[in-house]
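To start, the structure under review is shown below, and the notes come after it.
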Amino acid sequence: MAGNFNYFRIDTAADPELFGTALAVDFNSAIAMPPALDLEWSNVVETGYEAIHGDWRKVAAQWMFKEAASSLGLAFPPQSREDLLQAFRTMECWPEYKAMADRAAGNLAEHGFATREPWQLKHWGTEGNADGGMIEALEGRKTVWFIANKCPTPVLKAWSRRVPEIDLHVTYADDQQRSGKRFIVREGRIGEQARLQPEERKALVEAFAGKCVKTQ
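Using our numbering, you'd call the opening residue of the sequence shown number 388 and step up by one each time.
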């Protein structure tokens, strides 16, 4: 996981299966993302989508089209979507780019999002699934550990609504130990939040480091 991120700890009596399977943490267990949306907005997706379905002018000047356009006697950059696609279809990579573009367009039509990142940000409150997660179960208490870019507030609320009789005690701190909070989620609602003191942030980050290994 690149960039700034946050370490999370949840203490609760809830069943571990609430958070995922096999003592792992998966935000899909709270709010399931449509499988077709598991697609990254990569250069392949962006180029194919804009060329076929979007604003073709955004990608027409990409150097990858120069040889194909020249071989057909077309101007470079191509002067219309038709010329761009005529050149694109002669390229070996065309089937891959078209398949990804059509998938993104289908996602947009069906789900309102072309790829996973914007869907996750809206429905989970953070981009990306839980990272480096694990669940400890000791004497009826469970401790859930995971990493996320931002606080996954919608996920926490969804988990809580499934076990309204059980509290989720959430603590988190950022990787630089600059900020952190503690709060209780009860019946799908976030309670009053308290800021962690520097020594508390340090203790949380060090405790996480001793139990989990980042997978990305």
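Heads up, the beta-carbon is just placed ideally off N, CA and C, and yes, glycines get one too.
Consult DSSP for A389 and reduce its assignment to one of helix, strand or coil. With a pLDDT of 44 at A389, under the threshold of 50, the modelled position of this residue cannot be trusted, and the question is left open.
Uninterrupted beta strand (DSSP E) stretches inside the region 464–535 (no shorter than 3 residues): 518–525, 528–535
Using the Cα positions of V412 and L508, report the straight-line distance between them to the nearest angstrom. 17 Å
Could you tell me whether the region 403–417 touches the region 436–448, where touching means 3 or more Cβ pairs closer than 8 Å? no
Quick check on A409: does DSSP put it in helix, strand or coil? coil
Residue environment, G390, which counts as buried when at least 16 other CB atoms sit within 10 Å: Because G390 carries a pLDDT of 48, less than 50, the predicted location of this residue cannot be relied on, and the following value inherits that uncertainty. So G390 counts as exposed.
Quick check: the region 418–430 against the region 459–472, are at least 3 beta-carbon pairs closer than 8 Å? no
Could you please give the first and the last residue of the uninterrupted beta strand (DSSP E) stretch that includes L555? 555–561
Quick one: what's got a C-beta closer than 8 Å to E593's C-beta in the same chain, skipping five residues either side? none
Hey, which unbroken runs of the alpha helix (DSSP H) at 4 residues or more fall wholly within the region 409–461? 430–439, 453–458
Using 8 Å as the threshold, is the C-beta distance between Y394 and A560 below it? yes
Inspect the CB distances between the region 566–584 and the region 549–557 and report whether three or more fall short of 8 Å. yes
Specify whether the region 428–438 and the region 494–503 touch according to this definition: at least 3 beta carbon pairs, one from each stretch, less than 8 Å apart. yes
For P539, which residues of its own chain have a beta-carbon under 7 Å away from its beta-carbon, when the five flanking residues on both sides are left out? F414, W511, G512, T513
If we ignore side chains and look at the alpha-carbon of each, how far apart do R468 and R444 end up? 8 Å
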